[in-house]
Amino acid sequence: MRLAVMGAGAVGRSVLDLAGEYGHDVVAVADSGSAAVAEDGLDPEVVLDRKRAEGSVGGGDPADALAADYDALVEATPTTLGDAEPGFGHAEAALDADRHVVLANKGPVAERYGDVRALARESAGEVRMEATVGGAIPALATIEGVGPERVTAARGVLNGTANFILSRMAAEGLNYEHVLAEAQDLGVAEADPTFDVEGTDAALKCAILANVIHGGGYGLADVDVEGITNVPPSALDLADEDGRTVRLIGEVDQDGARVGPRLVPENDTLAVSGTMNIVQLETEHAGRLNLSGRGAGGPETASAVLADVSRLD
Amino acid sequence: VSEPANRAHTLRLELTDEPGELLRALSPIADNGGNLLSIFHERGSLTPRGRIPVEVDLECPPDRFDQIVDALRDAGVTVIAADAERYGDAVTVLLVGDLVAADLSDALGQLEECASASVVDFTLTDEPGQDDRASARLRLAVASGSADDALAAVRDLADEKDLHVVEPLVGDA
Chain A
2 MRLAVMGAGA VGRSVLDLAG EYGHDVVAVA DSGSAAVAED GLDPEVVLDR KRAEGSVGGG
62 DPADALAADY DALVEATPTT LGDAEPGFGH AEAALDADRH VVLANKGPVA ERYGDVRALA
122 RESAGEVRME ATVGGAIPAL ATIEGVGPER VTAARGVLNG TANFILSRMA AEGLNYEHVL
182 AEAQDLGVAE ADPTFDVEGT DAALKCAILA NVIHGGGYGL ADVDVEGITN VPPSALDLAD
242 EDGRTVRLIG EVDQDGARVG PRLVPENDTL AVSGTMNIVQ LETEHAGRLN LSGRGAGGPE
302 TASAVLADVS RLD
Chain B
13 VSEPANRAHT LRLELTDEPG ELLRALSPIA DNGGNLLSIF HERGSLTPRG RIPVEVDLEC
73 PPDRFDQIVD ALRDAGVTVI AADAERYGDA VTVLLVGDLV AADLSDALGQ LEECASASVV
133 DFTLTDEPGQ DDRASARLRL AVASGSADDA LAAVRDLADE KDLHVVEPLV GDA
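Sequence order for the protein chains is A and B. Its first residue numbered 2, the first sequence is counted upward by one per residue in the numbering used here. Its first residue numbered 13, the second sequence is counted upward by one per residue in the numbering used here.
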C-alpha cells in the first residue's frame, strides 16, 4: 500500500518509521505547516531527521500530501472537537478521491461518525479506526469479529493518564496535585491535562465505541462525563479499606454511554495499573472478553494503524 | 467455578449482660463462613427481660445463613429475628464533598424510606485541611434486583446535597 500520513506527531512519525517493516511505502507526509512527497516512497530517516532538526517534514505545502498518489490516507493530526477539522477535511478529501482512510484521530469518528459513514458509502475507499480506541489494543477489530450486534456492553479504562494518577494516588496515598505534577515530569500527563483528567478523551473513545456498537448516533455531547479531579485521597483510602479501588471507567450499553470514577474490586480485571488501558466486552454468546494493553504511545498506536492498513483490500 | 455471591442478612439477638457474651455470640457467625458487616450494640437499653438487644448485619454465601442461625441457637444465643427483612444485594458507594454541611443523618433516613434500602455501614473520613472535601463510604443492603433503584436514589441525594458519588460498576455492586 502507498500511504499518505497526515500529522507528524508521535503517531505519524512512528507510522512513517514502521510502515516499511509492514511492507508499505509512505509516499507523502505532512505536518501542520509542511509536507514531503516522493512518488517512489520517502526515506523515513531523512524526513524524521529534518523534522527533528528543522521542525518541518519537507519543503512542500500540506495540501501537496493530500494531492499525492496514495492508496490509503493515515489521519494522525491532533484530535479536535466539534467539526473535527482539519482531520475531517483530510478524510473527506481522501474518500472523495476513492482512497481508503485509516484514522488515529478520534475527532472525525467521535464527533461526526454519521458524516464519515455517509462519505464512505459514496466512496470506493474504506474507513478504519482501530487506533482511536485503546491505542495498541485491538478493541474495534474484536467488536467487528464478534459482530457489533452481539456486543451488549463495552466498558473499560480508556485513558492512561487518568489511570496513572488514580493508581498512584491509591498506592502512595498522595494527593491529586502531587501525582499530576509527577505525571507531567514523566511525560505521562500534558502541561494542560484537562483533556485527560476531566474525562474528555475517555468520553471520545466511548462515543466511538457506542457508534461502532450501535451503528452511529453518538458524539461527545451524548456521553455523560465526570473526571477524576473530585476524587480525594481519603475516598481512595475508604475504597481500599473495603478491598476496592477507584478507576475512571467508560461504559457503553443499551442505555447510552458514560465516563466517571467508579468503585471496582481492587483485584478486578478492570483495575489495571499505571498507564495501562483495558477494554471489556460483554457478548451475547461468548461471555466476557477482556483486552488490556498499552493505550497510548507512538509505536503502539502506529501498530494499530498499520494493522488497519493490512486489513484494507 | 466462581463462588456464589454473598448475601447480606440482619440478625436481632438478645444477650445477657455478662463479660464475653458479645464475643460468644459472634464467633458462631465467623465459624460458619459469615462476614460481619456491622454490630449495633445498645448497651444502655435493656429488653423487658433485662437483656441487651444487639443487631448484627452480616454477609455470607446463600446456603450458609440457616447454618449460622442454627449454630447461634446451639450456642445458647437468643435469636429474636433472623432476616425480618430479606436483603439480597449490597451496594457500596463513595460520597465526596462537604459532608458536614450536607447533614447526612437526615438524608440517609430518607434514603432508607424511599429506596427500600438499609444503611449497613457509613464510614466518614476528613480530608486534612480540606473541610469541603470529606469522603464517606456508604454500604446499603437492598432487596434483590433493586440495586439500580438504590443507586438512582443515592444519585438524587448527592445532587440535592451537592456531593460527588463514586458508584460501583453494575454487577460488582
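Using N, Cα and C, we set each Cβ at its ideal position, and we do this for glycine too.
**Q.** histidine 215 of chain A: first and last residue of the uninterrupted alpha helix (DSSP H) it sits in
**A.** Position 214 of the first sequence, counting from 1, holds the residue named residue 215 of chain A. Per DSSP, histidine 215 of chain A belongs to the alpha helix (DSSP H) from 201-215.
Q.
For leucine 19 of chain A, report the span of its beta strand (DSSP E) as first-last.
A. Position 18 of the first sequence holds residue 19 of chain A. It is not in any beta strand (DSSP E) - leucine 19 of chain A instead sits in the alpha helix (DSSP H) that spans 11-19.
Q: Rounded to whole angstroms, what's the CA-CA distance from valine 232 of chain A to glutamate 33 of chain B? Just pull it up for me.
A: Along the first sequence, one-based indexing puts residue 232 of chain A at 231. Along the second sequence, one-based indexing puts residue 33 of chain B at 21. Cα-Cα distance, rounded: 42 angstroms.
Q: Taking 9 angstroms as the cut-off, decide whether the C-beta atoms of isoleucine 64 of chain B and leucine 58 of chain B are in contact.
A: For this step, residue 64 of chain B is matched to residue 52 along the second sequence. For this step, residue 58 of chain B is matched to residue 46 along the second sequence. Cβ distance < 9 angstroms, so isoleucine 64 of chain B and leucine 58 of chain B count as in contact.
Q. In the structure shown, what three-state DSSP assignment does glutamate 67 of chain B receive?
A. For the purposes of this step, residue 67 of chain B is taken as the residue at position 55 of the second sequence. Glutamate 67 of chain B: strand per DSSP, three-state reduction.
Q. How close, in whole Å, do the beta carbons of threonine 22 of chain B and leucine 264 of chain A come, if the pair is a contact with beta carbons under 8 angstroms?
A. The residue you call residue 22 of chain B lines up with position 10 of the second sequence. The residue you call residue 264 of chain A lines up with position 263 of the first sequence. Not confirmed; about 23 angstroms, so no contact.
Q) Who are the near neighbours of alanine 85 of chain A in its chain, counting only those whose CB is closer than 8 angstroms to its CB and skipping five residues on each side? A) Against the first sequence, residue 85 of chain A aligns to sequence position 84. Only Asn106, Gly108, Pro109, Ala111, Glu112, Arg113 meet the Cβ criterion.
**Q.** Beta-carbon proximity list for leucine 316 of chain A, same chain, < 7 angstroms, skipping 5 on both sides
**A.** In the structure as shown, chain A begins at 2 and stops at 314. Residue 316 of chain A is therefore absent and cannot be evaluated.
Q: Work out the CA separation of histidine 91 of chain A and aspartate 65 of chain A for me, nearest whole Å.
A: Numbered from 1 along the first sequence, position 64 holds the residue referred to as residue 65 of chain A. Numbered from 1 along the first sequence, position 90 holds the residue referred to as residue 91 of chain A. If I take the Cα positions, the gap works out to 12 angstroms.
**Q.** Proximity to leucine 271 of chain A [Cα-Cα], best of A/Ala303, A/Ala287, A/Gly294, A/Asn176
**A.** In the first sequence, residue 271 of chain A corresponds to position 270, counting from 1. Per the Cα distances, A/Gly294.
Q. Which residues in chain B sit within 9 angstroms of valine 232 of chain A, going by Cβ to Cβ distance?
A. In the first sequence, residue 232 of chain A corresponds to position 231, counting from 1. Near valine 232 of chain A (Cβ distances below 9 angstroms), the residues of chain B are Leu106, Val108, Ser147, His176, Val178.
Q.
With a threshold of 9 angstroms between beta carbons, is aspartate 225 of chain A in contact with chain B?
A. Residue 225 of chain A sits at position 224 when you count from the first residue of the first sequence. At least 9 angstroms separates the CB of aspartate 225 of chain A from every CB of chain B.
Q) Quick one: any contact between the segment 240-256 of chain A and the segment 152-164 of chain B, if contact means 3 or more CB pairs under 8 angstroms? A) no
**Q.** arginine 149 of chain B versus A/Asp202, A/Val147, A/Ser33, A/Pro234, residue with shortest Cα-Cα distance
**A.** The residue labelled residue 149 of chain B in the question sits at position 137 within the second sequence. Of the candidates A/Asp202, A/Val147, A/Ser33, A/Pro234, the one whose C-alpha sits nearest the C-alpha of arginine 149 of chain B is A/Pro234.
Q. Mind checking aspartate 174 of chain B: buried by the 16 CB within 10 Å criterion, or exposed?
A. Translated into the one-based positions of the second sequence, residue 174 of chain B becomes position 162. The residue is exposed, with fewer than 16 neighbouring Cβ atoms inside 10 Å.
Q. Per DSSP, methionine 277 of chain A is paired with what?
A. The count along the first sequence starts at 1 and reaches residue 277 of chain A at position 276. Methionine 277 of chain A is bridged to A/Arg295.
(Q) Quick check: the Cα distance between valine 16 of chain A and threonine 135 of chain B, rounded to an integer number of angstroms? (A) Stepping through the first sequence from its first residue, residue 16 of chain A is reached at position 15. Stepping through the second sequence from its first residue, residue 135 of chain B is reached at position 123. Going from the Cα of valine 16 of chain A to the Cα of threonine 135 of chain B covers about 51 angstroms.
Q: Look up asparagine 176 of chain A in the DSSP assignment and say whether it is helix, strand or coil.
A: Translated into positions along the first sequence, residue 176 of chain A becomes position 175. Note: asparagine 176 of chain A maps to coil in three-state DSSP.
Q. Would the beta-carbon of glutamate 191 of chain A fall within 9 angstroms of that of threonine 162 of chain A?
A. Reading the first sequence from its first residue, position 190 is the one you call residue 191 of chain A. Reading the first sequence from its first residue, position 161 is the one you call residue 162 of chain A. Yes, Cβ-Cβ distance for glutamate 191 of chain A and threonine 162 of chain A is below 9 angstroms.
Q: Tell me whether serine 286 of chain A is buried or exposed, calling it buried when 16 or more other Cβ atoms sit within 10 Å of its Cβ.
A: Against the first sequence, residue 286 of chain A aligns to sequence position 285. It is worth fixing the name first, because residue 286 of chain A is histidine in this sequence and not serine. Classification for histidine 286 of chain A: exposed.
Q) Can you tell me whether arginine 289 of chain A is buried or exposed, with buried defined as 16 or more other CB within 10 angstroms of its CB? A) Numbered from 1 along the first sequence, position 288 holds the residue referred to as residue 289 of chain A. By the neighbour-count rule (16 or more Cβ atoms within 10 Å), arginine 289 of chain A is not buried but exposed.
Q. Does DSSP put asparagine 47 of chain B in a helix, in a strand, or in coil?
A. Looking up residue 47 of chain B in the second sequence gives position 35. Looking at asparagine 47 of chain B - three-state DSSP - the assignment turns out to be strand.
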